[in-house]
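Read through the structure below, which is laid out as C-alpha cells, and then see the notes.
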Amino acid sequence: TNVNDDTISLDSACFDDVDVDAWLDDLDRAALLIQSAWRGYSCRARLVKQVSTLSIVQIQARIRANLAAKRRRWRRERHRRRRSSRQHENKKRLQFKNDEEERAVDSSDDDD
C-alpha cells in the first residue's frame with residue numbers, strides 16, 4: 001500500500017482478478033433490487049394507510065347516518081305526540097264547550 005498525503009492507493013494482488021465492470025453491474029442490480037423492494041414496501045404501507053383511512057371514513061359516515069336516522073325518528077315521534085296531544089286537547093275543549101252549552105240550555109229550561 002502506497003500512502004501519499006492526499007490519496008490512498010491499493011496495490012494488492014487480491015484485486016488483480018476483479019472485473020470492475022462486472023462488479024459495478026452487480027452493484028447496480030443490487031441497488032435496483034433494494035430500491036424495488038423499498039418501493040413495494042412503501043406502496044403497500046401507503047395502501048394500508050389509505051384503506052384504513054377509508055374504513056375510518058366509512059365507519060364515521062355510517063355512525064353519522066345512524067345518528068341522523070335516530071334524530072329523524074325522534075322528531076317524527078315528538079311531532080306525533082304533539083299532534084296527538086293537540087287532538088286530545090281539542091276533544092277536551094269541544095267536550096267542555098258542549099257541556100257548557102248543555103248547561104246553558106238546561107239552565108234556560110229551568111228558568112222557564
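Just so you know, we're using the UniProt record's numbering here: the sequence shown kicks off at 1 and counts up by one.
Where is the CB? At the ideal position from N, CA and C, for every residue including glycine.
Fair warning: this is a prediction, and the values are worked out from it, not measured in the lab.
Between the C-alpha atoms of Arg81 and Arg75 there is a straight-line separation of about 10 angstroms. Judged by DSSP in its simplified three-state form, Val57 adopts helix.
Rounded to the nearest whole angstrom, the CA to CA distance from Asp25 to Asp19 is 10 angstroms.
In the structure shown, Val48 falls within a helical segment according to DSSP collapsed to helix, strand and coil. Listed in chain order, the non-local C-beta contacts of Ile63 below 6 angstroms within the same chain number zero, local neighbours out to five positions each way being set aside.
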